[in-house]
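S.K.: Residues 1 to 216 (the UniProt record's numbering) make up the sequence shown, in order.
From the three backbone atoms N, C-alpha and C, an ideal C-beta is built for every residue, glycine too.
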Amino acid sequence: MEADEINVKGDKLALRIFKPSDNRLNGAAVVLAHGLSCTMDSRLFAFAEKFAEAGLTAITFDYRNFGFSGGRLRQYINVPMQMEDWHHVLAYARNRPDVDADRIVMWSTSFGGGLATHVAHDDGNIRAVVAQCPMMDNPKTIKLGMSQRSPAQNNKLKRLAVTAALMNLVGLRGPCLPVTDPGRMSIIPSDESVKFHEVGGPTWRNEVAVLSFAKP
């Protein structure tokens, strides 16, 4: 595994490169990123290692504001920003001498799977997309989350989002909520969401900035 980085609008975008042995190198590459709030050290390296063993150059990255990457508003999810991160990493992959620019695959899951699908459509030259249980309809997903919280909790989340938007006007991130927590209000309130704690790597933090859900 090799560490690398690219600069995106003044912020570091952290990459990890997994290269196949010389006798397995075939020019194909796969770019991998995680889903909502997760970081590349949250078991993503294991997938990248297997792809490299199969002869692909595997490139993992953390979105800005998360994990090893830079970004002033930590734990802040911004869809256009994360799609931009994908495009920058794809450009990085295409510029590598060991990668065939016409043989690049995108891999992601959940929220990231939805992003990857949209980015691949915009890019127009992606060989394949592996999107595990992709989040393709954000409004429906938000409604599902609301149905799993009480009306009082949903109202509190709306108030926090307004507070976060106002704080952002003066350059502050604002409050955060847990990604998952069975004992209190969280971003993903389902029983299955406790699995995040099993997957989360050293840089994963069980919180997301409420600003992520504030309307522009």
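1. Tell me the DSSP secondary structure of residue 12 in three-state form.
2. What does residue 165 pair with, by DSSP beta-bridge criteria?
3. Let me see if you follow: with CB-CB separation under 8 Å, is residue 15 close to chain B or not?
4. When DSSP labels each residue in this structure, what does residue 204 get in the three-state scheme?
5. Anyone know if the C-beta pair for residue 94 and residue 127 falls short of 8 Å?
6. Would you mind working out which of 150, 26, 197, 101 sits nearest residue 54, comparing C-alpha positions?
7. When DSSP labels each residue in this structure, what does residue 4 get in the three-state scheme?
8. Would residue 214 and residue 75 qualify as a contact pair, given that the criterion is a beta-carbon distance under 8 Å?
9. Let me make sure I understand the geometry here. Which of 20, 61, 10 has the alpha-carbon closest to that of residue 3?
10. Please state if the CB of residue 73 and the CB of residue 173 are separated by a distance shorter than 8 Å.
11. Alpha carbon to alpha carbon, how far is residue 1 from residue 20?
12. If you run the structure through DSSP and keep just helix, strand and coil, what is residue 29?
13. Considering only C-alpha positions, which residue in the set 23, 170, 181, 48 is nearest to residue 32?
14. Can you list, in chain order, the residues of its chain whose CB lies under 7 Å from that of residue 39, leaving out five sequence neighbours each side?
15. Starting from residue 130, follow its DSSP beta bridges and name the residues at the other end.
16. So, helix, strand or coil for residue 51, using DSSP?
17. Here's a check: name, in chain order, each residue in its chain whose Cβ is nearer than 6 Å to the Cβ of residue 100, leaving out the five neighbours to either side.
18. State the CB to CB distance for the pair residue 114 and residue 81, rounded to an integer number of angstroms; the pair is presumed to be in contact (CB under 8 Å).
19. Roughly how many angstroms lie between the CA atoms of residue 5 and residue 86, to the nearest whole one?
20. Is the beta carbon of residue 35 closer than 8 Å to that of residue 112?
21. Over what stretch of residues does the alpha helix (DSSP H) that includes residue 214 continue unbroken?
22. When you compare only the Cα positions, how much space is there between residue 207 and residue 23?
M.R.: On the basis of the data shown:
1. DSSP places residue 12 in strand when its eight states are reduced to three.
2. The partner list for residue 165 (beta bridge, DSSP) is empty, contrary to what the question assumes.
3. Structure shown: chain B not included; a single protein chain is present.
4. coil
5. no
6. 26
7. DSSP places residue 4 in strand when its eight states are reduced to three.
8. no
9. 61
10. yes
11. Rounded to the nearest angstrom, the two C-alpha atoms are 10 Å apart.
12. It is a strand residue.
13. Closest option to residue 32, Cα to Cα, is 48.
14. So the qualifying residues of the chain are 62, 66, 67, 201, 203, 204.
15. 107
16. helix
17. 27
18. The pair is not a contact, with the Cβ atoms about 15 Å apart (cut-off 8 Å).
19. 13 Å
20. Yes, these two residues count as a Cβ contact at 8 Å.
21. Taken as a continuous stretch (DSSP letters only), residue 214 belongs to no alpha helix (DSSP H), as it is neither H nor E.
22. 43 Å
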